[in-house]
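Numbering of the sequence shown is given in the numbering used here, commencing with residue 1310 and proceeding in unit increments.
In what follows, a single structure is set out as structure tokens and then discussed.
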Amino acid sequence: MCGIVAYSGKNNSVLPILVSGLKRLEYRGYDSAGVAIFSNNIIYSKKAVGKIVSLEEVINKNSPLEVGNVGIAHTRWATHGSATIENAHPHYSQDKKIWVVHNGIIENYQEIKEQLIRQGMRFESETDTEVIAKLIGSLYKGDLREAVLAATRLLTGAYALCIICEDEPNRLIGVKISSPLVVGIADDEIIIASDVSAIIERTKKVIYLEDGELIDINNTTYDIVSFHNKVKKKAISEIDWDLETATKGGYDHYLLKEILEQPQVIKDSVRGRIVNETADINFGGLIEVRSRLKQIDKIVVLGVGTSFYAAKLGELYFNALSGVPAIAVMSPEYRYTKNIINDKTWLIAMSQSGETADTIAAINEAKKHGALVTGIVNTVGSTVARITDAGVYNHIGPEISVASTKAFTSQGVLLLMHAIMLGRQRGLDYSEASAIITAIKKLPDAMQEIANNHQSIESIAKLIYQDKNLLYIGRQYNYPIALEGALKIKEISYIHAEGLSGGELKHGFIALIDNELSTIALATNDSVTDKMHANIAEIKARHGKVIAIANQNLSNVDATILVPDVQSDFVQPLVNNVILQLLAYYVAKLRNLNIDQPRNLAKSVTVE
Ligand code: AGP
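Printed below as a string of structure tokens:
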């Protein structure tokens, strides 16, 4: 997804600062990049298709770009028009004096473009962003803030913008609606970015801009105003992520780092939230809605992609433990189920990034129907965190690799804890709650045991890395794990995989089984183990290959991956999933693929 970095300050080498910020945003996924900076009172711009290194090569050919203390930069993930130099940001006004970078989508850009063309403007790109630049240019009468505010009255859609103007050399403006923008405040400089990763290298003091706010920076001073030009006082927050946390920590890939750090981060997710004495859960973020929870009669767990598979797990947890019926809904499908939502519904929105457009749209709709909406979100201050009534953070640190791993595990644990919390209000027995809590506490050690021996999964990966198709089967709580395991291998290995319930096999999938198809079977000890063994037998009888994930060696399979037994049907699937994450990682590694930034994918999908 697109990324923004902009700088204003006393440092005269703005270019390396912008480029370094863009590199911190690479994990978001992009296909072109560009910068525009003031240098000798003129705005110079350079753009390149492909990775930041290509932009650096272009920049290095041009010496005037080296000096300057105000600039804007962008990584673009193509939406309107393909990845070309013409479509790459920054875009400029007709007279080339006003330059704009933009994240988001302008809904009425065609209409505005036609009006501007009628006024005689010429467009060089297919983007909605060029329309913004030309529009601001057409409204400019000597004061950039006035022109931008006037433009906000005409634009509809989602945008985070940073804008500079050749006639106002020390001015940098940032503005946002429905797309994130964070402002880093240091002694001698101000950095704006679409997320904090691009800022933490220079400062940990940040201001999160809200929708309908504009920051007007003049060198190192600033005003934040509403779209009605009323000055607003904003608190400065301190980020607790350091740069080290956001880097690979010595591993070859962020993905491996993020899989292997789960024992620690899951402790962080759970920390301070379990009340041992009463076998209860206490989420500080839900205190203010606790009395409202007593009135709810239905739960909707919302998410998309990996967050949806966590929601599926949550649906099963709530139905088993909470005494309230639950259903998982995939965010983009929400609009077709909204009739079931009312003021007695508790909608729990799952989103690692907190910026997923489909999930945000569904939340806004659910709020209109009076639902209580809370979130389980990793990114502090993100849109989902802000628009929900209350919520719980994952506390797992930034997830950089595009494929989600530690966020899924944390979402699963936190949903289980939500189910226990509600269940304890509605008759879930102390001993049952206590047994699950004991298993949750075993989870980090079980994951550590797997992490200590993670290289062993490579030998299993060698059995399947050249396959074209795979099946993943699980039952009950392992069914969402089968779905997530199949998604993971699809995302990073580009192998077609299907996740299904073991019970579904006979209803169609079994037609695929032959001696060339491998099935990954989740067969750990639980109340449905016998049924899973029967499914394995069905596959073996048709000469299919089976790799089982089990707590002891199984005799009738091609390979068994052993996992520690945490003795809980609810928690064991989260242990099993770590194996599927590692399997996907090693398969992708053997296939020599771009593991952290798989083709066609973006970390945060901020368009519907
Ligand atoms: C995860 O591996 C995926 N890349 C993707 O499905 C992701 O989970 C989905 O886009 C939702 O993201 P969110 O949790 O940030 O809302």
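For each residue, glycine too, the CB sits at the ideal point set by N, CA and C.
- Message: In the DSSP assignment, the beta strand (DSSP E) including E1807 goes from what residue to what residue?
- Response: 1805–1810
- Counting only runs that start and end within the stretch 1492–1518, where is the alpha helix (DSSP H) found for 4 or more residues in a row? none
- Message: Quick check on the contact list: which residues have their beta carbon closer than 6 angstroms to a heavy atom of ligand 1?
- Response: V1613, G1614, T1615, S1616, S1660, Q1661, S1662, T1665, T1668, V1711, A1712, S1713, E1800, L1910, S1913, V1914
- Item | Segments of 4+ residues assigned as alpha helix (DSSP H) that fall wholly inside the stretch 1759–1846 | 1766–1773, 1788–1802
- Quick check: the stretch 1710–1728 against the stretch 1791–1809, are there 3 or more CB pairs under 8 angstroms? yes
- Task: Return the first residue and the last residue of the beta strand (DSSP E) that F1347 is part of.
- Result: 1341–1348
- Message: Using CA atoms only, rank isn't needed, just tell me which of Y1788, R1908, A1820 is closest to G1812.
- Response: Y1788
- Task: Kindly list the residues whose CB is nearer than 6 angstroms to the CB of L1464, restricted to its own chain and excluding five residues on each side of it in sequence; keep chain order.
- Result: I1415
- Would you list, in sequence order, the uninterrupted alpha helix (DSSP H) runs of no fewer than 4 residues that lie entirely inside the stretch 1425–1505? 1437–1448, 1453–1461
- Task: Starting from the C-beta of V1584, find all residues in its chain whose C-beta is less than 8 angstroms away, skip the five residues before and the five after it, and write them out in chain order.
- Result: I1590, N1591
- For I1848, the three-state DSSP class (helix, strand or coil): helix
- Message: Using 9 angstroms as the threshold, is the C-beta distance between R1900 and Y1803 below it?
- Response: yes
- Task: Below 6 angstroms CB to CB, which residues in the same chain sit around D1606 once its five sequence neighbours on both sides are set aside?
- Result: K1653
- Message: What residue range does the alpha helix (DSSP H) around R1695 cover?
- Response: 1692–1696
- Query: When the distance is taken between beta carbons, is V1701 closer than 9 angstroms to G1684?
  - Reply: yes
- Is the stretch 1613–1628 close to the stretch 1765–1780, with three or more CB pairs under 8 angstroms? no
- Message: Short of 6 angstroms in beta carbon distance, which residues of its chain neighbour A1392, apart from the five on each side in sequence? Order them along the chain.
- Response: D1340, S1341, V1358
- Message: Using 8 angstroms as the cut-off, can you tell me whether the stretch 1653–1663 makes contact with the stretch 1750–1769, which would need three or more C-beta pairs spanning the two stretches below that distance?
- Response: no
- Item | Pairwise C-alpha distance: I1672 and L1470 | 24 angstroms
- For E1741, does the three-state DSSP call read helix, strand or coil? helix
- Just reading off the beta strand (DSSP E) that T1718 is part of, what are its end residues? Where T1718 is concerned, there is no enclosing beta strand (DSSP E), although the alpha helix (DSSP H) it sits in stretches over 1715–1734.
- Taking V1534 as part of the beta strand (DSSP E), name the residues at either end of that continuous run. 1530–1535
- Item | Buried or exposed by the 16-neighbour rule on C-beta atoms within 10 Å, applied to I1888 | buried
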